Amino acid sequence: MTSLPSAPASVRIDAWLWAIRAYKTRSAATAACRAGHVRLNGSPAKASATLVNGDSVTVRMPGYERILKVRRLINKRVGAEAASHCFTDHTPPRPVAPALGLPQRDRGAGRPTKKDRREMERLRGSA
Numbered sequence: 001m002t003s004l005p006s007a008p009a010s011v012r013i014d015a016w017l018w019a020i021r022a023y024k025t026r027s028a029a030t031a032a033c034r035a036g037h038v039r040l041n042g043s044p045a046k047a048s049a050t051l052v053n054g055d056s057v058t059v060r061m062p063g064y065e066r067i068l069k070v071r072r073l074i075n076k077r078v079g080a081e082a083a084s085h086c087f088t089d090h091t092p093p094r095p096v097a098p099a100l101g102l103p104q105r106d107r108g109a110g111r112p113t114k115k116d117r118r119e120m121e122r123l124r125g126s127a
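Residue 1 is where the sequence shown starts when you use UniProt numbering, and the numbers rise one by one after that.
Here it is as structure tokens:
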């Protein structure tokens, strides 16, 4: 396990989200807070909101929400393994998209014929 810097007394939520690698840049974390994508203990959080151990942070990502519980405060960006020790992830598993039963053409079969094209359009429902 890599060593973590000493825990500060308080940390801004945007700095913490950047430090645990939820966002690539601190400005992206700040923008997410301003847009209302970050909630602290159930209420919308400003970028300057301070965190304490045990807080619940909900981050809306494209297609799902991450629910994180603060285990340790850090304000410097650390490696992914070390960052994973700073929070507990309570995010429910994402549903798996059902596989579509569309037929696949064999590789090297060449261009579809007119009959093949009509068959594909009929299956897609666009004809």
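A virtual CB, placed ideally from N, CA and C, is assigned to each residue, including glycine.
All of these numbers come straight from a predicted model, not from anything done at the bench.
How about residue i and residue j: do their beta carbons lie closer than 9 Å?
i	j	result
residue 57	residue 77	no
residue 34	residue 47	yes
residue 52	residue 70	yes
residue 105	residue 112	yes
residue 94	residue 63	yes
residue 36	residue 44	yes
residue 80	residue 21	yes
Grab me the residues of residue i's own chain with a C-beta within less than 8 Å of its C-beta, minus the 5 sequence neighbours each way, in chain order.
i	result
residue 42	56 and 58
residue 10	50, 51, 52 and 73
residue 26	14, 15 and 18
residue 12	47, 48, 49, 50, 51 and 75
residue 30	14 and 47
Could you pull the start and end residues of the beta strand (DSSP E) that residue i belongs to?
i	result
residue 55	That residue, residue 55, is in no beta strand (DSSP E); it is neither H nor E in DSSP.
Per the DSSP calculation, residue i is bridged to which residue(s)?
i	result
residue 70	87
residue 93	Answer by DSSP bridge pairing: none, since residue 93 is not bridged.
residue 43	40
Determine the extent of the alpha helix (DSSP H) in which residue i is found, giving its start and end residues.
i	result
residue 175	There is no way to answer for residue 175, as the model of the chain reaches only from 1 to 127.
Excluding the 5 residues preceding and the 5 following residue i in the sequence, name in chain order all residues of the same chain whose CB lies nearer than 6 Å to its CB.
i	result
residue 151	This structure does not reach residue 151, given that the chain is present from 1 up to 127, and the question cannot be answered.
Kindly provide the ranges of any alpha helix (DSSP H) runs that are 4 or more residues long and lie completely inside the stretch 2-38, ordered along the chain. 13-19 and 26-34
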